[in-house]
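Q:
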Amino acid sequence: MIFEKTVFFPLIISLITTSTALLMLAVSYLKMLKKHNLLLKEEGRLKLHQHKKEAEILEEARQKAAKIIADAHLVDDNAQNEVQEQLKTLSLNKIKDFEKTSTDLFRVYKQELEDLKLNTLKIVNNITKDIENDTIKELKDFKEILKKETYASQKIVEQKIEQQYAETEKEIEAYKEDRIKKVEDEIYNILQNVSKLVLGKAISLQDHEQLVIDALNKIKEEKVL
Amino acid sequence: MNNITYACSNILKSTKTVAQKEQLAQEVDQLTASLFRQETNAFDNALKSIRLEISQIIIDEFLNEEPKGVNKEMVKYFLTELKKRLQNLRVIKLSIAFSPSNHSIDRIYDWIAKNVGDEYILDIQVDKSILAGLTISLEGKYIDLSLKKTLDEVFKNKRQEIIRNF
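Respectively, the protein sequence lines represent chains A and B.
The first sequence begins at 1 in the numbering used here and counts up one residue at a time.
The second sequence begins at 226 in the numbering used here and counts up one residue at a time.
1. For a cutoff of 8 angstroms on Cβ pairs, would you count K181 of chain A as touching chain D?
2. Name, in chain order, the residues that DSSP records as bridge partners for I321 of chain B.
3. Suppose you measure from the CA of I321 of chain B to the CA of D331 of chain B; what does that come to, to the nearest Å?
4. Do we get a CB-CB distance below 8 angstroms when we pair V224 of chain A with the residues of chain B?
5. Thinking C-alpha only, which one of A:A21, A:I69, A:K5 is nearest N125 of chain A?
6. Grab me the residues of K94 of chain A's own chain with a C-beta within less than 7 angstroms of its C-beta, minus the 5 sequence neighbours each way, in chain order.
7. Could you pull out every residue in the same chain whose Cβ sits closer than 7 angstroms to the Cβ of F380 of chain B, ignoring the five residues on either side in sequence?
8. Taking Cβ positions only, does A338 of chain B come closer than 8 angstroms to chain A?
9. Counting pairs of Cβ atoms below 8 angstroms between the segment 297 to 313 of chain B and the segment 251 to 262 of chain B, do you hit three or more?
10. Checking 8 angstroms against the spacing of the C-beta atoms, do L237 of chain B and R310 of chain B come in under that value?
11. Could you tell me which of B:N228, B:K297, B:S324, B:T240 sits nearest to T265 of chain B, measuring between CA atoms?
12. What does the alpha-carbon distance come out to for the pair E378 of chain B and I172 of chain A?
13. How is L260 of chain B classed by DSSP in three states: helix, strand or coil?
14. Going by DSSP, what residue range makes up the alpha helix (DSSP H) through I368 of chain B?
15. Assuming S239 of chain B is part of the alpha helix (DSSP H), what are its boundary residues?
16. Could you check how far apart the C-beta atoms of K383 of chain B and L356 of chain B are, in whole angstroms? I think they sit under 8 angstroms.
17. For Y345 of chain B, which beta-bridge partners are listed by DSSP?
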């Protein structure tokens, strides 16, 4: 299939634009994926760090408690129980705080991820929409150019056909006239020859003589000699 | 002298064509030559060798009046005169479409003699292509009164009509 220059170059430009947009989209997507992975890793790291911190706080609390117990071996059982109770309460409160903090953090990260996802999707959608619009516009332009080119080519072909047709018609007419003239000439010659043959044979000697004398009389009348 | 003129006219009347003229010229030459021969009957023998109608005219005009023999000088003069008049004959060329009989030649000659002049002889050519009628050539003039010409003119002038009717 052979394209005209005016069609080929817009097509190539359209293809290049589309390819570039797709490439940009792919690169952007890859970047976001990488960022997402980094965030997931960060989340894991923070969770680990939080657990470690919790364990350290618990250990510290336990050591402090043990020290207090050791230091206060003389304290009575009630006081000991009370301390134990308070420690337990403190631990529970701390655990609750940590749990709350952890839940909050998780929610915040989740929200961030959701927002990121939505933004990414929005960007991707926008890019897709732009590409679609560009492509539609390019295709529309291409179609328009192709239509114009086709129409122009059709017009030229039509003109050429009409011209050729007129010339051929003219040639046929000339040929027809020539053939008719030839046929007429042949008919004429045949008629003339036949007439001569018939007349030549039909005239008797006496008639010949008389025709000669008549001709001579005609000469005399016209005073030619 | 009158006899000579009369005899010449008589002989020339029977000379109507170029062929007859040539034949007569040969006969005159034969007779003239015989006059110079030494033989006694040379002229008589020569007379016998030519056409009867010619020899008869000569006998009637010259020998009957000369019982003692031929007056050679008179005959010589006659033959010279005849030859001279023969050479002065003018030729009218005719083309006709048929082989003419003597009757045809006579009719044509008589017409020419009466209407054009008796100093003419006929040079007749047979040309069947003219179909009928004749063509005449005389002293640079050419007249075509053939049927072929008439037919050609008809075909030329009424070409379209002929083609249409055909």
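Virtual Cβ for every residue (Gly too), placed ideally from N, Cα, C.
A: The structure says:
1. Reference to chain D is not applicable here, since the protein chains of this structure are A and B.
2. B:V351, B:L359
3. 14 angstroms
4. Residue-level contact check: V224 of chain A touches chain B, since one or more beta carbons of chain B fall below 8 angstroms from its beta carbon.
5. A:A21
6. I57
7. I387
8. no
9. yes
10. yes
11. B:K297
12. About 33 angstroms.
13. helix
14. It is not in any alpha helix (DSSP H) - I368 of chain B instead sits in the beta strand (DSSP E) that spans 366 to 371.
15. Looking at the DSSP string, S239 of chain B is not in any alpha helix (DSSP H), and its letter there is neither H nor E.
16. The pair is not a contact, with the Cβ atoms about 18 angstroms apart (cut-off 8 angstroms).
17. B:R315
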